[in-house]
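**Q**
Chains as they are written, first to last, in the working numbering: chain A, 1 to 301; chain B, 1001 to 1301.
See the structure below:
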């Protein structure tokens, strides 16, 4: 069974773990968001791709929710002591990956090739592909002005309300993205923030077009539980920009692109333009993630 | 008292510690070798400047002889695991400094300005200036071919005999270098490897010229003890390129540039074209380094 998964960072990465335990990992392609990639201290950091890499390699920090387990922070402490740029939390182990990726990108290797190489080195069977090898950046418009994603999210602690989300740069799909979407038996949109995790993937015009013209089911998983985000600002963004946090509002983010929405038992039963699948969506552990993935695949059948 | 010290890495850094404990550190300017600087994993690494910074800040690792004390190696372990460039030993704390320096250099700050800023951040009172802000690189000619310094020294473990040393790039002295040399009451050449630590500084034509035309004493400290290097290949290089390892051979490396050579008690008493000052030169601890510095300053008087 071939599954193409559109995924942001932590929530998507957790879902990806459930997915590869539910089906043959060799059939899974995770298409990752790069809109929140950033350059920090001269390093090319791809937070969402890294969350997926670390999660599928079993290296992620469960408790913190991002980055690597057993992480240390010596380099960043030195950066701070020397007056360097220390607002973005880079652990020592994490840094090693950024150094390798940055050197590879500088030598001309595309992000998709580096990512595939890193995934292989980490023993990951599923394919992980950035939505694009081009520079595509998410900008957040707020009452305080427009900010690059990470500046709003990390440096400003996503305290500003969001009036709009923009994507800077025109992007072609990375090699393998269109093939994965066209060959898939089912397309899944992970329980990620629609605006800042999935929309940047859909900002790649060809990706949006192939989803709109799909001949297989596309199933999205709502990232909300009882109208609230498990983590992060998805609920506040939906409330302000879509006018609410019901399944209908979530589905509205994917209008014309999905056939079913998987929602939590705790979510309201109002009208919904696509098929509704109700289950427990909180991924408390790998079992829960796998059960959710199985429900999603069942919904596609 | 104003002292200008020409210095390589570890031995020079240790001598610099003795010097700043013997005189007011505010009067000391360390002019550091940059011929063995390198780009590794996209980072601008200046091993000799860093040895001086770490030593004067009290952060150096006494036992290992280079790098920072209490160092950890998580980032490099990740780099290795991911198939990245791992031949040059970069510790996590050390990495923090390289990240800050590299980002500053990329933003257009000269190496001398970054180095001064790092020294201030580390609470160092003495001035530390790279010999040049320009790109000057040491090449080592061996029977196996020519190598950039660090490739020969680290990657090949300086196992190849050295037939010659070359310096690539034409370099102006960094701001402050000429002033320090011209204002100095005494100029000191640290017990560093003449060929690969001091010659790259003298490869800056104006530095060599001001030493040749000096109106104050210039005192060199031999890096050899009983004709042997305390560490590194200085003795093998002298034997092969100068024909021996006596004080005369060491002084020959600085012909026309020094007035006195400080040598160890264990070294031979053969002919010497400059004044010979005999003492114990092994810097076993800070006291020994300070005594050596005091002897050097006494020799200049």
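From the three backbone atoms N, C-alpha and C, an ideal C-beta is built for every residue, glycine too.
A quick note: this is a predicted structure, and the numbers were derived from the prediction, not measured.
#1: Could you please tell me which residues of the region 1047-1078 of chain B, in chain order, have their CB closer than 9 Å to any CB of chain A?
#2: Can you tell me whether residue 253 of chain A is helix, strand or coil according to DSSP?
#3: Mind checking whether residue 1032 of chain B and residue 1069 of chain B have CB atoms under 9 Å apart?
#4: Under 9 Å, do residue 1293 of chain B and residue 1018 of chain B count as touching if we go by C-beta distance?
#5: Could you spell out where the alpha helix (DSSP H) holding residue 15 of chain A opens and where it closes?
#6: Does the region 131-147 of chain A come close enough to the region 75-92 of chain A to have 3 or more Cβ pairs within less than 8 Å?
#7: Considering only DSSP beta bridges, list what residue 158 of chain A is partnered with.
#8: Starting from residue 1004 of chain B, follow its DSSP beta bridges and name the residues at the other end.
#9: Mind checking who residue 62 of chain A pairs with in its DSSP beta bridge?
#10: Report, in whole angstroms, the separation of the C-beta atoms of residue 1160 of chain B and residue 1174 of chain B, which I expect to be a contact under 8 Å.
#11: Within a Cβ cutoff of 6 Å, which residues of the same chain sit near residue 217 of chain A, ignoring the five residues on either side of it in sequence?
#12: Within a Cβ cutoff of 6 Å, which residues of the same chain sit near residue 55 of chain A, ignoring the five residues on either side of it in sequence?
#13: Between the region 1204-1220 of chain B and the region 1280-1294 of chain B, do at least 3 Cβ pairs fall closer than 8 Å?
#14: Please determine if the region 1269-1282 of chain B and the region 1246-1261 of chain B are in contact, where contact requires at least 3 C-beta pairs separated by less than 8 Å.
#15: Does the beta-carbon of residue 243 of chain A have 16 or more other beta-carbons within 10 angstroms, so that it is buried, or is it exposed?
#16: List, in order along the chain, the chain B residues whose C-beta lies closer than 8 Å to that of residue 121 of chain A?
#17: Could you give the distance in angstroms between the alpha-carbon of residue 1046 of chain B and the alpha-carbon of residue 1036 of chain B?
#18: Among A:232, A:81 and A:252, which has the Cα closest to the Cα of residue 10 of chain A?
#19: Does residue 247 of chain A pass the burial test, meaning 16 or more other C-beta atoms within 10 Å, or should it be called exposed?
#20: Could you give the DSSP three-state label for residue 1258 of chain B: helix, strand or coil?
#21: So, residue 1257 of chain B versus residue 1238 of chain B, is the Cβ gap smaller than 9 Å?
#22: Closer than 9 Å, CB to CB, is residue 100 of chain A near chain B or not?
#23: If contact means a Cβ-Cβ distance below 9 Å, which residues of the region 159-191 of chain A contact chain B?
#24: Below 9 Å between beta carbons: does that hold for residue 1220 of chain B and residue 1196 of chain B?
#25: Kindly provide the ranges of any beta strand (DSSP E) runs that are 3 or more residues long and lie completely inside the region 1115-1163 of chain B, ordered along the chain.
#26: Does DSSP put residue 109 of chain A in a helix, a strand or coil?
#27: Alpha carbons only, please: which of B:1078, B:1178 and B:1123 is nearest the one belonging to residue 1004 of chain B?
#28: Please name the residues in the region 1087-1111 of chain B whose beta-carbon is closer than 7 Å to at least one beta-carbon of chain A, in chain order.
#29: Distance cutoff 9 Å, beta carbons only. Does residue 1032 of chain B sit that close to anything in chain A?
#30: Interface residues of chain B around residue 38 of chain A at Cβ under 8 Å?
#31: Helix, strand or coil: which one does DSSP assign to residue 50 of chain A?
#32: How many angstroms separate the CA atom of residue 20 of chain A from the CA atom of residue 1147 of chain B?
#33: In terms of DSSP beta bridges, what is residue 1057 of chain B paired with?
#34: So, helix, strand or coil for residue 1194 of chain B, using DSSP?
#35: Which residues does DSSP pair with residue 173 of chain A in a beta bridge?
#36: For the candidate residues A:41, A:30, A:110 and A:58, whose alpha-carbon lies nearest to that of residue 48 of chain A?
**A** Let's see:
#1: 1068, 1070, 1071, 1072, 1073, 1074, 1075, 1076, 1077 and 1078
#2: Translated into the one-based positions of the first chain, residue 253 of chain A becomes position 253. Correct three-state label for residue 253 of chain A: coil.
#3: Mapped onto the second chain, residue 1032 of chain B falls at position 32. Mapped onto the second chain, residue 1069 of chain B falls at position 69. Taking 9 Å as the cut-off, the Cβ atoms of residue 1032 of chain B and residue 1069 of chain B do not count as close.
#4: Taking the first residue of the second chain as position 1, residue 1293 of chain B is located at position 293. Taking the first residue of the second chain as position 1, residue 1018 of chain B is located at position 18. Going by C-beta atoms, residue 1293 of chain B is nearer than 9 Å to residue 1018 of chain B.
#5: As a working note, residue 15 of chain A is residue 15 in the first chain. Residue 15 of chain A -> alpha helix (DSSP H) spans 10-22.
#6: Flag = no, the region 131-147 of chain A and the region 75-92 of chain A do not touch.
#7: Numbered from 1 along the first chain, position 158 holds the residue referred to as residue 158 of chain A. DSSP output for residue 158 of chain A lists no bridge partner at all.
#8: As a first step, residue 1004 of chain B must be located in the second chain, where it is residue number 4. Looking at the DSSP assignment, residue 1004 of chain B forms a beta bridge with B:1029 and B:1187.
#9: Taking the first chain and counting its residues from 1, one reaches residue 62 of chain A at position 62. Answer is none; residue 62 of chain A lacks a bridge partner.
#10: Position 160 of the second chain holds residue 1160 of chain B. Position 174 of the second chain holds residue 1174 of chain B. Approximately 31 Å separates the beta-carbon atoms of residue 1160 of chain B and residue 1174 of chain B; this is outside 8 Å, ruling out the contact.
#11: Looking up residue 217 of chain A in the first chain gives position 217. So the list reads 186, 259 and 300, once near-sequence residues are dropped.
#12: Mapped onto the first chain, residue 55 of chain A falls at position 55. Only 13 and 17 meet the Cβ criterion.
#13: Taking 8 Å as the limit for Cβ pairs, the verdict is that the region 1280-1294 of chain B does not touch the region 1204-1220 of chain B.
#14: yes
#15: Reading the first chain from its first residue, position 243 is the one you call residue 243 of chain A. Exposed is the call here.
#16: Working through the first chain from its first residue, we reach residue 121 of chain A at position 121. The answer, in chain order, is 1081, 1082 and 1083.
#17: Indexing the second chain from 1 puts residue 1046 of chain B at position 46. Indexing the second chain from 1 puts residue 1036 of chain B at position 36. Approximately 7 Å, taken between the alpha carbons.
#18: Indexing the first chain from 1 puts residue 10 of chain A at position 10. For residue 10 of chain A, the nearest C-alpha among the options comes from A:232.
#19: To locate residue 247 of chain A, count along the first chain from 1; it is residue 247. So residue 247 of chain A ends up on the buried side.
#20: Counting from one through the second chain, the residue named residue 1258 of chain B turns up at place 258. Coil, per DSSP.
#21: Counted from its first residue, the second chain places residue 1257 of chain B at position 257. Counted from its first residue, the second chain places residue 1238 of chain B at position 238. Against a cut-off of 9 Å, the Cβ pair of residue 1238 of chain B and residue 1257 of chain B comes out as no contact.
#22: By 1-based counting over the first chain, the position of residue 100 of chain A is 100. With its beta carbon less than 9 Å from one in chain B, residue 100 of chain A belongs to the interface.
#23: none
#24: As a first step, residue 1220 of chain B is located in the second chain; it is residue number 220 there, counting from the start. As a first step, residue 1196 of chain B is located in the second chain; it is residue number 196 there, counting from the start. Taking 9 Å as the cut-off, the Cβ atoms of residue 1220 of chain B and residue 1196 of chain B do not count as close.
#25: 1127-1130, 1137-1142 and 1145-1148
#26: For this step, residue 109 of chain A is matched to residue 109 along the first chain. It is coil, neither helix nor strand.
#27: Position 4 of the second chain, counting from 1, holds the residue named residue 1004 of chain B. Of the listed residues, the one whose Cα sits closest to residue 1004 of chain B is B:1178.
#28: 1092, 1093, 1095, 1096, 1097, 1099, 1100, 1102, 1103 and 1106
#29: In the second chain, counting from the first residue as 1, residue 1032 of chain B sits at position 32. So no, residue 1032 of chain B is outside the interface.
#30: Start at 1 with the first residue of the first chain, and residue 38 of chain A comes out as number 38. Neighbours of residue 38 of chain A across chain B, judged by C-beta separation under 8 Å, do not exist; the nearest C-beta is about 13 Å away.
#31: In the first chain, residue 50 of chain A corresponds to position 50, counting from 1. In the three-state DSSP reduction, residue 50 of chain A falls in the helix class (H, G or I).
#32: For this step, residue 20 of chain A is matched to residue 20 along the first chain. For this step, residue 1147 of chain B is matched to residue 147 along the second chain. For residue 20 of chain A and residue 1147 of chain B, the distance between alpha carbons rounds to 48 Å.
#33: In the second chain, the residue the question calls residue 1057 of chain B occupies position 57. In DSSP, residue 1057 of chain B forms no bridge with anything.
#34: In the second chain, counting from the first residue as 1, residue 1194 of chain B sits at position 194. Of the three classes helix, strand and coil, the one that applies to residue 1194 of chain B here is helix, per DSSP.
#35: Against the first chain, residue 173 of chain A aligns to sequence position 173. A:132, per the DSSP bridge assignment.
#36: Mapped onto the first chain, residue 48 of chain A falls at position 48. Among A:41, A:30, A:110 and A:58, the Cα nearest to that of residue 48 of chain A belongs to A:30.
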